[in-house]
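**Student:** Before we start, here is the structure in question, set down as structure tokens.
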Amino acid sequence: MGLLVLPYVSICAEKVNVMFELVQAEHLEALLEPVGKHVRSYYGNQGGGSLPKDTAIAVCTIEKANSLINRLLEEGRLSELGIIVIDELHMVGDQNRGYLLELMLTKLRYASGEGNTESSSGETSGTSSGKVDPAGSLQIVGMSATLPNVTAVADWLQVR
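Structure, rendered in structure tokens:
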């Protein structure tokens with residue numbers, strides 16, 4: 001299952017329409033229908049509080065994505081999430097909604113086994129206990145055309 005996290009309801013609606021057009025044009029349908037998977041939308045008043053197991057792609061706002069991740073963690077289903085694509089990653093610095101994006105990414109890193117903390121001596125602390133996905137199979141993709149602090153964000157997410 002994958003999450004496409006977009007910053008605004010209008011962009012979510014646009015992307016969902018594009019994906020449904022692809023499904024109807026049989027581009028995605030040829031891939032999804034044989035395995036019983038679906039594209040679902042979670043923004044504004046769209047979508048519920050949980051992800052059905054037949055979800056292939058969930059298109060959602062930052063707020064709904066955070067809620068869905070909380071639900072996956074509560075249900076012990078985070079390992080079903082293979083990829084999360086975050087558009088406009090530079091919004092992590094936004095004074096209104098950035099904290100929620102940062103919280104969501106921190107939760108994902110920790111739960112997928114990558115969230116070890118460093119002590120002041122630089123030694124790694126923390127263990128894999130409590131990790132939902134110790135194999136770390138979750139791929140996080142961040143996109144931004146205007147990310148001013150790429151190195152700091154890459155260090156924080158422990159990516160290159």
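With full-length UniProt numbering applied, the sequence shown corresponds to residues 1 to 160, in that order. Idealized CB from N, CA, C, for every residue including glycine.
(1) Taking G82 as the reference, which of G98, V92, H90 and T55 has the closest Cα?
(2) In chain order, what residues of the same chain lie with their CB nearer than 6 Å to the CB of V59, ignoring the 5 residues before and after it?
(3) Straight-line CA distance for M91 to V150?
(4) The alpha helix (DSSP H) with T106 in it runs from where to where?
(5) Just curious, the beta strand (DSSP E) that S67 is in, first and last residue?
(6) Return the residue from the list D87, E88, E75 and L138 that minimises the CA-CA distance to L108.
(7) Taking only three categories from DSSP, how would you classify L6?
(8) Let me know the secondary structure DSSP gives D87 once reduced to three states.
(9) Based on the DSSP output, what are the partners of R40 in its beta bridges?
**Tutor:** Quick answer:
(1) Along the sequence shown, one-based indexing puts residue 82 at 82. Ranking G98, V92, H90 and T55 by CA distance to the CA of G82 puts T55 first.
(2) Looking up residue 59 in the sequence shown gives position 59. In the same chain as V59, and ignoring 5 residues on each side of it, the C-beta atoms closer than 6 Å to its own belong to L4, C12, K15, V16 and S41, in chain order.
(3) For this step, residue 91 is matched to residue 91 along the sequence shown. For this step, residue 150 is matched to residue 150 along the sequence shown. When rounded, the distance between both Cα atoms is 12 Å.
(4) Residue numbering aside, residue 106 sits at position 106 when the sequence shown is read from its first letter. Note, T106: alpha helix (DSSP H), G98 to A111.
(5) To locate residue 67, count along the sequence shown from 1; it is residue 67. Where S67 is concerned, there is no enclosing beta strand (DSSP E), although the alpha helix (DSSP H) it sits in stretches over I62 to E74.
(6) Within the sequence shown, residue 108 is the residue found at index 108, counting from 1. Comparing alpha carbon positions, the residue from D87, E88, E75 and L138 closest to L108 is L138.
(7) By one-based count along the sequence shown, residue 6 stands at place 6. Three-state result, L6: strand.
(8) Residue numbering aside, residue 87 sits at position 87 when the sequence shown is read from its first letter. In this structure, D87 counts as strand in the three-state DSSP scheme.
(9) For the purposes of this step, residue 40 is taken as residue 40 along the sequence shown, with counting starting at 1. Answer is A58.
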